[in-house]
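In this note's numbering, each residue carries its 1-based index in the sequence shown increased by 380.
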Amino acid sequence: MKMNGAKKAVLSAAIAASLYFAPAARALSPGDSVGALSVAIDGGGSADLGAYGKPYVLSFFLPDHADSGAQLRALNVLLLRNEFRGLGFVAATRGKDDAEKAAAREFLRAGGIRAALIFDPTANVARRFMNDRFPAFYIIRGDGVLLTSLLPTVTETIRARSFRDFLSLAAAGADIPLVDITLHGGGQDVRELVGARAPDFSLSVASGGSRSLSSLKGTKTIVVYWSSTCPVCGREMPKINKYYVANRNRRDIKILAVARAQGAGAAKHVRENADREKYAFPILLDSDGKVSENYKIKSVPAVFFIDENGTVVETLVGEIPDLEKVFDSILDDPKRFRGAR
């Protein structure tokens, strides 16, 4: 099969990336320390990425990759702002030979990118961060503690905060809410509800009686939509229950867990699950699918955080790594909840 020049370039970049971004045993997460990691700076000098002395952005790039150029140039524009003059900028690439080093230098020069260039021919730095894509960006404190996990872009907003917002928090010595660097998990439809009034519902409770969302107005509320036949829900619901038991009084929160209950025997299966698991929050039955429809739910579990005024302030879909920390970052965020610390 013949390939044109563009396809060859893409394949070449992909092969280079697979060789360069050699994975480590585990990716670093926010709160992890880079550890001692000494690197030589092109043009002279050296630095320890685990003790850089000031907050900085570490970027991984390939000179012949178009998106690397666009993203690094956008980052460079941000970091040239007066408010970010105290932040460092480190750009890492493979540089296995003189030709690759020359290409990297020209890449930065042509783009006007003012970064400390480091070459990583043995992928020592890449392995420490377990990169498998490019470009890749990390914001790191001066003492080497990660403020973010891998971010693939500086121009797109994942949730409530932009990359510029992240830089502002880093410059102020503040943490970045974990939820703001947590991907959506395929829940783009439910994101349409953020900032809107949460659709009200009144449903039967699996153990008897009924409950409405509007009855909880004035209270921070978490609505969890789930299915008793969903394996991911089976893993997440006990974690959510554990979080609720530990935090319901301290945080003054309520949880309503709405179960998909359409079809013959569905409600019975939900009741059996609720009886077995002994959840500390009520299990409501969505027997006609109206809640699923109104909340634009395409996959489960889907979690909705609703403020005291009844407004949806955040959503999560699917399995949630570091669930406790992600929930904390939402409930502690004054941008989402009034009165949060």
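The beta-carbon is built from N, C-alpha and C at its ideal position, and this holds for glycine as well.
Rounded separation between residue i and residue j - CA only
i      : j      : result
Tyr340 : Pro662 : One cannot answer for residue 340 here, as it falls past the ends of the chain, which runs 381 to 721.
Leu549 : Ile556 : 6 Å
Leu711 : Ile520 : 24 Å
Ala407 : Arg508 : 8 Å
Leu527 : Gly643 : 46 Å
Pro532 : Asp477 : 26 Å
Leu703 : Gly491 : 40 Å
Leu467 : Asp668 : 54 Å
Ala647 : Lys715 : 38 Å
Gly553 : Val534 : 20 Å
Tyr659 : Trp606 : 13 Å
Leu696 : Gly598 : 22 Å
Asp666 : Ser672 : 8 Å
Thr691 : Gly575 : 6 Å
Ala482 : Ile493 : 15 Å
Leu547 : Leu583 : 44 Å
Gly645 : Arg577 : 32 Å
Gly698 : Gly425 : 46 Å
Ala454 : Ile677 : 35 Å
Val419 : Ala472 : 10 Å
Ser679 : Gly614 : 14 Å
Glu486 : Ser413 : 32 Å
Gly411 : Met510 : 16 Å
Ala551 : Leu488 : 24 Å
Cys610 : Asp655 : 17 Å
Asn456 : Asp545 : 15 Å
CB of residue i within 8 Å of CB of residue j, strictly
i      : j      : result
Val706 : Leu558 : yes
Leu593 : Phe581 : yes
Ala332 : Pro443 : With the chain running from 381 to 721 in the structure shown, residue 332 is simply not present.
Glu616 : Ile700 : yes
Leu458 : Phe543 : yes
Ala495 : Val470 : yes
Ser409 : Ser529 : yes
Pro681 : Val612 : yes
Ile538 : Asp512 : no
Pro515 : Ser608 : no
Leu452 : Phe464 : no
Pro579 : Asn674 : yes
Where residue i falls, given that 16 or more other Cβ within 10 Å makes a residue buried
i      : result
Gly524 : buried
Asn689 : exposed
Leu664 : buried
Ser587 : exposed
Asn462 : exposed
Ile421 : exposed
Leu460 : exposed
Arg718 : exposed
Lys600 : buried
Asp632 : exposed
Gln568 : exposed
Asp713 : buried
Asn629 : exposed
Ser439 : buried
Lys670 : exposed
Asp625 : One detail in the question is off: residue 625 reads as Val in this sequence, not Asp. It counts as exposed.
Lys634 : buried
Ala404 : Here Ala404 scores only 45 on pLDDT, less than 50, and its place in the model should not be relied on; the value that follows carries that caveat. Per the 10 Å Cβ criterion, exposed.
Residue closest to residue i, alpha-carbon to alpha-carbon, out of the options
i      : options                        : result
Val570 : Leu459, Ala450, Ala639, Glu694 : Glu694
Ala540 : Leu636, Gly553, Thr562         : Thr562
Gly415 : Gly424, Tyr432, Gly423         : Tyr432
Val604 : Asn629, Pro611, Arg640         : Arg640
Ala637 : Val650, Arg630, Ser439         : Val650
Asp708 : Ile620, Thr691, His445         : Ile620
Glu536 : Ala551, Gly522, Phe517         : Phe517
Gly627 : Asp655, Ile602, Cys610         : In the sequence as presented, Gly is not what sits at residue 627; that position holds Asn. Checking every option, the nearest Cα to that of Asn627 belongs to Ile602.
Gly565 : Gly425, Gly411, Val683         : Val683
His445 : Glu480, Ile677, Gly425         : Glu480
Val505 : Ala427, Gly411, Lys678         : Ala427
Glu657 : Ser679, Pro618, Lys678, Gly645 : Pro618
Leu417 : Arg489, Leu596, Gly522, Gly423 : Gly522
Leu497 : Gly423, Asp655, Met510, Cys610 : Gly423
Taking three-plus beta-carbon pairs below 8 Å as touching, is the region 469-476 in contact with the region 491-502?
With a cut-off of 8 Å, the region 491-502 and the region 469-476 count as touching, because enough Cβ pairs lie within range.
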